[in-house]
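Please read the structure below before turning to the comments.
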Amino acid sequence: MQTSLFARNQGDIDRKAFAVQSLSILSSTLLCPNQAWAGIDVSQLKNLPREGDTTGSYQRIQQLQQMPRDPNSIPFTTLDSGVKYREVRAGKDGSRAVRRGSNIGAELTIRCKSLGNAVYFSTKEDTDFNELAWEVGAGDLPFALEEGIMGMKLNAARRIEVPSRLVFAARNAGQLPEPKTDVGKQRLDEALKSDDATLVFDVFVTGINQGDNRI
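Read in order, the letters of the sequence shown are residues 1 to 215 in the UniProt record's numbering.
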């Protein structure tokens, strides 16, 4: 009798433990997706004022989670310079667009195509705020990258491929973002010494200021 009772109690405990474990796994999956596009950590999104957006960071989290899991399934648009981009997310309807002279903020990940798209730089790892801010056309970042982001709107996302010759031009001009990690520095060095120095930029626009102090 005692053995049967123990078996029933143990069975109840096992079932309860399984239920708790399953709930924990489900919660982790829903709240912490395994893959965040472009190295973007949605848990660290800042609650900044956005033009026409009254829901703050919650809306930004939803927008990021709606991005395609595989940006490679989206067709390329090829520019005359050889720069190519995929429109992963069109951005906010009716919002201002990136143009020459815009001061913009963006979350950015840069991958080395010849190294299996290994990341050499990301705003998450290599900046203090998971964001870069610069004036488009000022010469701070590669002109080829800026060509690829022209027309992007607030909360838009693109994957931009910059060919080797334009990467070398950016390096010679001192325009390539510099990684802080030894791994990132090593990967960039290897890519620049390889036969294919193509860099892949994943860009998510977090702010656009056209000179009126509005995002």
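The beta-carbon is built from N, C-alpha and C at its ideal position, and this holds for glycine as well.
Taking all protein chains in view, the Cβ of Gly116 is surrounded by fewer than 16 other Cβ atoms within 10 Å, so the residue is classified as exposed.
Under the three-state reduction of DSSP output, Ser102 falls in the coil class, being neither helix nor strand. Secondary structure at Phe168: helix, using DSSP grouped into helix, strand and coil. Taking Cys112 as the centre and dropping the five residues before and after it, the same chain places the C-beta of Ala118, Tyr120, Arg187, Ala191 closer than 6 Å to its C-beta, in chain order. For the options Asn213, Gly211, Val203, Arg214, the alpha carbon positioned closest to that of Glu131 is the one of Val203. For the options Glu125, Gly139, Val98, the alpha carbon positioned closest to that of Thr109 is the one of Glu125.
Within the same chain, and ignoring the five residues on either side of Phe76 in sequence, the residues whose Cβ sits closer than 8 Å to its Cβ are Lys84, Tyr85, Arg86, Glu161.
Excluding sequence positions up to five before and after Asp140, its CB lies within less than 8 Å of the CB of Trp134, Gln175, all in the same chain and listed in chain order. Under DSSP, Asp202 shares a beta bridge with Thr109, Arg159. For the pair Asn103 and Gly91, the Cα-to-Cα distance works out to about 17 Å. Comparing alpha carbon positions, the residue from Ala144, Lys180, Asn209 closest to Asp80 is Ala144. If you check the CB distance, Asp196 and Ser95 do not come in under 7 Å. DSSP places Lys84 inside the beta strand (DSSP E), whose first and last residues are 84-89.
DSSP places Glu135 inside the beta strand (DSSP E), whose first and last residues are 132-135.
The secondary-structure analysis by DSSP pairs Thr78 across a beta bridge with Lys84. In this structure, DSSP gives Ala138 a state outside helix and strand, which the three-state scheme calls coil. For Lys180, the three-state secondary structure derived from DSSP is coil. In the structure shown, the three-state DSSP call for Ala173 is coil. Between Pro71 and Val88, the CB-CB gap stays under 7 Å. For Phe143, no beta strand (DSSP E) segment is defined; the enclosing uninterrupted segment is the alpha helix (DSSP H) at 143-149. A straight line joining the alpha-carbon of Gly82 with that of Glu147 spans about 10 Å.
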